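Okay, so here's the structure we're looking at.
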Amino acid sequence: MNSDVTIYINGKPTTVPAGRSLVSVLWSLGLVPFRTNPVSGEARAPFCGMGACFECEAEISGCAEKRTCLVEVQDGMRIQVQEGNPHEG
Amino acid sequence: MKAEGTGEEPRAAGDSSAEHAAYDVIIVGGGPAGIHAALRLTKAGKRIAIIDDAADLGGQFYRRRTAAVRKEFGDIRSRGTRLAAKVKKTSAHLFMQHTVWSVSETGVVRCFDQMNGEAKVFVADHVIVATGAREEGTPFLGWTSPDVITPGHAMHLAVIDRTMPAARMVVAGEGPFLLAVAAHLANSGVAVDGVVFASRPLALKSAHFWMLRYPQTLIQAAGYMFSLIRHRVPILSGYSVDSVSRRSGHVDVNLRGAGGNTRTLETGLLAYATSFRSNNELHALSGAVDDSVEGTPGVASVKREGGNGSATPVVLLAGDAQSVLGRQSAELRGEIAALRILAGESDRTGVSADRTGESPNRAGNSVDRMGNSPNRAGDARRRLRKAERKLSAFHRYGELQEEIFAPAALSAAEIPDEVIVCRCECVSAGEIRASARLGWNDRNAVKGETRAGMGLCQGRECAHAVTKIVGEVTGQPVTLQPARVPAKPLPIAALLKERDQ
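Protein chains in written order, with our numbering: chain A, 1 to 89; chain B, 1001 to 1501.
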């Protein structure tokens, strides 16, 4: 069994496989879409997967607008996705 | 050594966290081109740094599986693993998860650490911009919905992270990349409901036979086709994506054929792109001539040239950031950029190694002002000629791909008014047309008025479409959105900190 890590999504702890990009973990947890566009309010999913489009952004360890496609999950990582996002509605 | 100033600039001695470190060469982008430039330069004893905003070397083509994933699933594209390991054994300083937002014509590179926003400024005699390319897609109704992602993203998820974004997918748009992505998805266990090309790439023409000169590519393509046949994946040609909509728990991909007929594919998620676009913003910002041209859907235009085509000798482009020709060509062009520096062709003072400017160093060996010995420069020049000859074969490769994947030019007029073109600022095609029709707005004024291209992605996803729409309204040729500093969004704290230095 490969090692798992515990991450916190909006305060809720979740155990996920290590070594994955954060965006892939959010996909596999069924949390996509996890944000809305600030202009139109429409739900958006991560798009380009390589750091160009910023559609995958979330707050990581208190820093906003981090591209989750460029970051590997770490044990204890704290992620804040948009409050009132489509999945929490 | 920096040519400006009265003498040699003191170097930040081996301190990779120094904020004003000086290098011989800075390489922006640690993908195939950057890696090969790094290996050639470090072999020649140059002090270099590689800066990349991803977590590890490899870029997109050699995006690495992490150790945890390799342990469970093994490695893929192990050549990339070997190359990355080779670079890590050299003296190159690596700055991963750092975003470069400015490159000046004098070789000043400004970046920030993504994780804590810390600003860093580097200086170098040369900067190689090896930032690769990104996917591009002509907007259609529903392309901003959560039911559409890019083929590259789908492939990274399935192959690198071993995650399925959906159980069922359609791969559509244009370009040979779609074949590779569909094959990888199918082999990863995704049910691929179809691969859809706007053109007819399988209709045999002479270009297909000329591709026999590139056996590696043909073998690869045959492998992908075999995977698709094995998984019974339908291949559709001559269909563009008209719209995507959700219907009772699944996704409808509505297609329009060249003759006006329509088809609908039912699936779970659409992976869509119509071409690639070079990430050459940093090079343009350095003051070099921006000679980007509109890419033919499928493959970006290829420029016939012997060298790297940069206007200033300090900043060079390498790889897909120059023009999109794929991994093999990128590795070669990374090597060429390094060799140009070593051969002294890019010496900022214009003095080449075998003319005046030689002065004996302490050991009695002649060196030029760059610290190159004439023997080494001569050797580099010989390698450079050889590499440039090899490169000329790839221009034909690009042309052949354009012949095979060549749909009728996608007209912007076919983008309905209600389609959101600028994803970040939610600007529709209708708003862009209205702004252009006012009569006094050029392309940049349209951007300023509508905000199309002013969001976080800085036009990376939409500028090509905005340009096309404006061009069709005004009837004037329009260039792409010019690059602006910062090339990527950066936290204000990084700017303030730099001011305090």
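Just so it is clear, CB atoms sit at the ideal spot from N, CA and C, and this is done for glycine as well.
What you are looking at is a predicted structure, and each value in this text was computed from that prediction instead of being measured.
Within a Cβ cutoff of 7 Å, which residues of the same chain sit near residue i, ignoring the five residues on either side of it in sequence?
i	result
arginine 1381 of chain B	Ala1343
serine 1227 of chain B	Ala1183, Ala1186, Asn1187
serine 1502 of chain B	Chain B is shown from 1001 up to 1501; residue 1502 of chain B falls before or after that span and cannot be answered.
glycine 19 of chain A	Glu72
proline 1486 of chain B	Trp1101, Ser1102
Just checking: is the beta-carbon of residue i within a distance shorter than 7 Å of some beta-carbon in chain B?
i	result
arginine 35 of chain A	no
leucine 26 of chain A	no
leucine 29 of chain A	no
glutamate 72 of chain A	yes
arginine 20 of chain A	yes
valine 81 of chain A	no
methionine 77 of chain A	no
alanine 52 of chain A	yes
alanine 58 of chain A	no
glycine 49 of chain A	yes
By Cβ distance, which residues of its chain are closer than 6 Å to residue i, with the 5 residues on each side in sequence left out?
i	result
leucine 1141 of chain B	Ser1243, Val1419
alanine 1207 of chain B	Leu1400, Glu1403, Ile1404
aspartate 1053 of chain B	Thr1099
serine 1248 of chain B	none
isoleucine 1051 of chain B	Val1028, Phe1095, His1098, Val1100, Cys1111
glutamate 1431 of chain B	Thr1450
proline 1489 of chain B	Leu1456
alanine 1013 of chain B	Confidence is the limiting factor: at alanine 1013 of chain B the pLDDT is only 36, short of 50, which leaves the residue's position unreliable and the question unanswerable from this model.
arginine 1047 of chain B	Tyr1023, Asp1024
alanine 1092 of chain B	Ala1038, Thr1042, Ile1048, Ile1050
So, is the C-beta of residue i closer than 7 Å to a C-beta in chain A?
i	result
glycine 1058 of chain B	no
alanine 1055 of chain B	yes
alanine 1452 of chain B	no
aspartate 1252 of chain B	no
valine 1109 of chain B	no
aspartate 1075 of chain B	no
threonine 1042 of chain B	no
arginine 1064 of chain B	no
threonine 1467 of chain B	no
proline 1139 of chain B	no
leucine 1285 of chain B	no
aspartate 1577 of chain B	For chain B, the structure presents residues 1001 to 1501; residue 1577 of chain B sits outside this window and is missing.
histidine 1153 of chain B	yes
serine 1292 of chain B	With a pLDDT of 31 at serine 1292 of chain B, under the threshold of 50, the predicted position of this residue should be treated as unreliable, and no value is reported.
cysteine 1457 of chain B	yes
How many angstroms separate the CA atom of residue i from the CA atom of residue j?
i	j	result
valine 1069 of chain B	phenylalanine 1394 of chain B	34 Å
valine 5 of chain A	histidine 1126 of chain B	42 Å
glycine 1453 of chain B	tyrosine 8 of chain A	34 Å
alanine 1191 of chain B	alanine 1198 of chain B	21 Å
threonine 1356 of chain B	glycine 1045 of chain B	Bear in mind that a pLDDT of 38 at threonine 1356 of chain B, under 50, signals an unreliable position, so the model cannot answer this.
aspartate 1056 of chain B	arginine 1079 of chain B	15 Å
aspartate 1320 of chain B	histidine 1153 of chain B	18 Å
alanine 1067 of chain B	aspartate 1113 of chain B	23 Å
valine 1196 of chain B	asparagine 1116 of chain B	42 Å
isoleucine 1492 of chain B	tyrosine 1214 of chain B	48 Å
alanine 43 of chain A	arginine 1396 of chain B	43 Å
glycine 1137 of chain B	valine 39 of chain A	21 Å
glycine 1295 of chain B	glycine 1059 of chain B	With a pLDDT of 34 at glycine 1295 of chain B, under the threshold of 50, the modelled position of this residue cannot be trusted, and the question is left open.
aspartate 75 of chain A	leucine 1496 of chain B	31 Å
glutamate 1331 of chain B	isoleucine 79 of chain A	37 Å
cysteine 53 of chain A	arginine 1383 of chain B	39 Å
methionine 1155 of chain B	tyrosine 1224 of chain B	14 Å
isoleucine 1469 of chain B	arginine 1385 of chain B	42 Å
serine 32 of chain A	tryptophan 1210 of chain B	It should be noted that the sequence gives valine, not serine, for residue 32 of chain A. In a straight line, the C-alpha of valine 32 of chain A is about 44 Å away from that of tryptophan 1210 of chain B.
alanine 45 of chain A	isoleucine 1149 of chain B	8 Å
On the DSSP bridge assignment, give the partners of residue i in chain order.
i	result
glutamate 1120 of chain B	As written in the sequence, residue 1120 of chain B is lysine, which differs from the glutamate given in the question. For lysine 1120 of chain B, which the question treats as bridged, DSSP gives the partners B:Cys1111.
methionine 1096 of chain B	B:Asp1052
threonine 1264 of chain B	B:Asn1254
glycine 1173 of chain B	B:Phe1197, B:Ala1273
alanine 1133 of chain B	B:Ser1278
glutamine 80 of chain A	A:Glu59
tyrosine 1023 of chain B	B:Ala1124
valine 16 of chain A	A:Val5
valine 73 of chain A	Partner(s): none; valine 73 of chain A has no beta bridge.
tyrosine 1239 of chain B	B:Gly1257
Apart from the five residues on each side of it in sequence, which residues of its chain come closer than 8 Å, Cβ to Cβ, to residue i?
i	result
proline 1477 of chain B	Gly1471
glycine 49 of chain A	Val23, Cys56, Cys69
valine 1446 of chain B	Ile1432, Ser1435, Ala1436, Ala1452, Val1466, Val1470
Throw me the rounded Cβ distance for the residue i and residue j pair, which I believe falls under 8 Å.
i	j	result
glycine 1268 of chain B	glycine 1238 of chain B	Their Cβ separation, rounded to whole angstroms, is 24 Å, which puts glycine 1268 of chain B and glycine 1238 of chain B out of contact at 8 Å.
leucine 1339 of chain B	alanine 1387 of chain B	6 Å
leucine 1282 of chain B	valine 1028 of chain B	6 Å
Could you list which residues in chain D have their beta carbon closer than 7 Å to that of residue i, in chain order?
i	result
valine 39 of chain A	Absent from the structure is chain D; the protein chains it does hold are A and B.
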